[in-house]
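Novice: I'd like to ask some things about the structure below.
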Amino acid sequence: MSAVSNLSLKVRRNECVALDGPSGAGKSSVLKMIFGSYLTSSGRVLVRMQKSFIDVACANPREIIELRHRSISYVSQFLRVIPRVSCLDLVAAAAREDGCSALEAEERARNLLERLNLPGRLWTLPPATFSGGEQQRVNIARGFAPQRPVLLLDEPTASLDRANTEAVLDLIADRKAQGVAILGVFHDPDVRLRVADRLAPMGRGEGASDE
Ligand SMILES: Nc1ncnc2c1ncn2[C@@H]1O[C@H](COP(=O)(O)OP(=O)(O)OP(=O)(O)O)[C@@H](O)[C@H]1O
Ligand SMILES: [Mg+2]
């Protein structure tokens with residue numbers, strides 16, 4: 647049994663494409679296949695790494711790790727809680743994966759947490775006990791901390807109120823303007839309309855075709 651079949655899709659730099667389809671259509675599975683956490687049984691998943699492409703469908707684990715360090719940021723729907731690490735350190739550690747200095751990593755982390763309206767009193771605390779929306783914002787800050795050319799977003803605004811949704815849309819617009827290729831799932835139709843340059847339709851079980 648396959649979760650996704652017959653999908654053809656291309657995302658360019660400076661572009662945000664939204665996977666669009668009903669629950670169970672395979673949207674999250676596609677993101678996980680591109681990130682290399684789900685196996686792709688046939689076909690190709692080409693992701694640019696520097697001057698060439700890696701086919702994630704047949705890449706070895708070492709190549710997948712390199713791809714995650716250099717090319718792809720993935721914001722999953724939920725934060726995997728890391729106990730006893732403050733949210734500032736969590737975000738700064740993600741920034742340092744880029745190879746930036748400890749000072750710059752902390753600066754990036756502060757900037758992101760501020761833009762995402764995370765109250766300063768929480769920055770030194772581990773996020774385990776934060777509210778759902780606060781944890782989601784830490785998760786987003788973590789995904790945006792490294793500067794990579796491909797960004798995968800799985801319902802990044804699902805548990806956020808209006809003001810925080812706007813903050814995330816701002817961050818997405820900035821990344822797009824910087825030349826990042828973005829593929830996402832946005833459950834809210836208004837958010838999808840605002841953020842996506844194109845929709846990639848996915849039907850249940852049949853996949854979709856787009857160029
Ligand atoms: N081991 C499996 N093998 C094949 N298909 C599976 C397996 N586990 C789950 N599925 C199915 O894969 C399909 C795609 O799931 P996925 O999470 O990608 O959907 P989605 O489009 O992201 O849905 P939602 O909008 O609810 O998040 C679902 O119908 C799910 O039942
Ligand atoms: Mg999903």
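Residue numbering for the sequence shown follows the working numbering, beginning at 647 and increasing consecutively. Ideal Cβ placement from N, Cα and C applies to all residues, glycine included.
What number of angstroms, rounded off, separates the C-alpha of residue 799 from the C-alpha of residue 715?
Specialist: Start at 1 with the first residue of the sequence shown, and residue 799 comes out as number 153. Start at 1 with the first residue of the sequence shown, and residue 715 comes out as number 69. Cα-Cα distance, rounded: 17 Å.
Novice: Closer than 7 Å by C-beta to residue 730: which residues in its own chain qualify, once you throw out the five before and the five after it? Chain order, please.
Specialist: On the sequence shown, position 84 is the one that residue 730 refers to. If we look at residue 730 and ignore the five residues flanking it on each side, its Cβ neighbours are 772.
Novice: What first and last residue would you give for the alpha helix (DSSP H) that runs through residue 809?
Specialist: Here residue 809 corresponds to residue number 163 of the sequence shown, with the count starting at 1. Run containing residue 809: 808 to 823, per the alpha helix (DSSP H) assignment.
Novice: Any heavy atom of ligand 1 closer than 7 Å to the Cβ of residue 682?
Specialist: For the purposes of this step, residue 682 is identified with residue 36 of the sequence shown, where counting begins at 1. Residue 682: no, Cβ never under 7 Å from ligand 1.
Novice: Is residue 722 buried or exposed, if buried means 16 or more other CB atoms sit within 10 Å of its CB?
Specialist: Here residue 722 is taken as the residue at index 76 of the sequence shown, counted from 1. With 16 or more other Cβ atoms within 10 Å, it is buried.
Novice: Tell me whether residue 848 is buried or exposed, calling it buried when 16 or more other Cβ atoms sit within 10 Å of its Cβ.
Specialist: Residue mapping note: residue 848 aligns to position 202 of the sequence shown, counting from 1. By the 10 Å Cβ count, residue 848 comes out buried.
Novice: Mind checking residue 704: buried by the 16 CB within 10 Å criterion, or exposed?
Specialist: On the sequence shown, residue 704 is found 58 positions in, with the first residue counted as 1. Classification for residue 704: exposed.
Novice: Run through DSSP, which three-state label would residue 661 get?
Specialist: Taking the sequence shown and counting its residues from 1, the one referred to as residue 661 is at position 15. Residue 661: strand per DSSP, three-state reduction.
Novice: Helix, strand or coil for residue 694? Go by DSSP, reduced to three states.
Specialist: Taking the first residue of the sequence shown as position 1, residue 694 is located at position 48. Looking at residue 694 - three-state DSSP - the assignment turns out to be strand.
Novice: Between residue 677 and the rest of its own chain, which residues show a CB-CB distance below 6 Å, the 5 nearest in sequence each way excluded?
Specialist: Here residue 677 refers to the residue found at position 31 when the sequence shown is read from its first residue. If we look at residue 677 and ignore the five residues flanking it on each side, its Cβ neighbours are 798, 800.
Novice: Whose C-beta lies closer than 7 Å to the C-beta of residue 694 among residues of the same chain, with five residues either side of it excluded?
Specialist: For the purposes of this step, residue 694 is taken as the residue at position 48 of the sequence shown. Counting only Cβ-Cβ distances below 7 Å, and skipping sequence neighbours, we find 717, 795.
Novice: I'd like to know whether the C-beta atoms of residue 779 and residue 757 end up nearer to each other than 8 Å.
Specialist: Start at 1 with the first residue of the sequence shown, and residue 779 comes out as number 133. Start at 1 with the first residue of the sequence shown, and residue 757 comes out as number 111. Contact: no.
Novice: How would you label residue 736, buried or exposed, when you count the other beta carbons within 10 angstroms and need 16 or more for buried?
Specialist: Locating residue 736 in the sequence shown gives position 90, counting from the first residue. Result: buried.
Novice: Closer than 7 Å: is that where the CB of residue 674 sits relative to any heavy atom of ligand 2?
Specialist: For the purposes of this step, residue 674 is taken as residue 28 along the sequence shown, with counting starting at 1. Indeed, a heavy atom of ligand 2 lies less than 7 Å from the Cβ.
Novice: Excluding the five sequence neighbours on either side, which residues of its own chain have a C-beta within less than 8 Å of the C-beta of residue 837, listed in chain order?
Specialist: To locate residue 837, count along the sequence shown from 1; it is residue 191. The answer, listed in chain order, is 803, 811, 815.
Novice: Find the nearest neighbour of residue 662 within the set 709, 818, 790, judged by alpha-carbon distance.
Specialist: One-based indexing of the sequence shown puts residue 662 at position 16. Cα-wise, what sits closest to residue 662 is 818.
Novice: In the structure shown, what three-state DSSP assignment does residue 701 receive?
Specialist: Indexing the sequence shown from 1 puts residue 701 at position 55. Strand at residue 701.
Novice: When every heavy atom of ligand 1 is checked, does at least one fall within less than 7 Å of the C-beta of residue 647?
Specialist: Numbered from its first residue, the sequence shown carries residue 647 at position 1. Yes, the beta carbon of residue 647 sits closer than 7 Å to at least one heavy atom of ligand 1.
Novice: Closer than 7 Å: is that where the CB of residue 663 sits relative to any heavy atom of ligand 2?
Specialist: The residue you call residue 663 lines up with position 17 of the sequence shown. No, since every heavy atom of ligand 2 falls outside the 7 Å radius drawn around the Cβ of residue 663.
Novice: Tell me whether the beta-carbon of residue 805 lies closer than 8 Å to the beta-carbon of residue 824.
Specialist: The sequence position of residue 805 within the sequence shown is 159, counting from 1. The sequence position of residue 824 within the sequence shown is 178, counting from 1. Contact flag unset, no.
Novice: With hydrogens ignored, establish whether the beta-carbon of residue 849 is closer than 7 Å to any heavy atom of ligand 4.
Specialist: Among the ligands present in this structure, namely ligand 1 and ligand 2, ligand 4 is not found.
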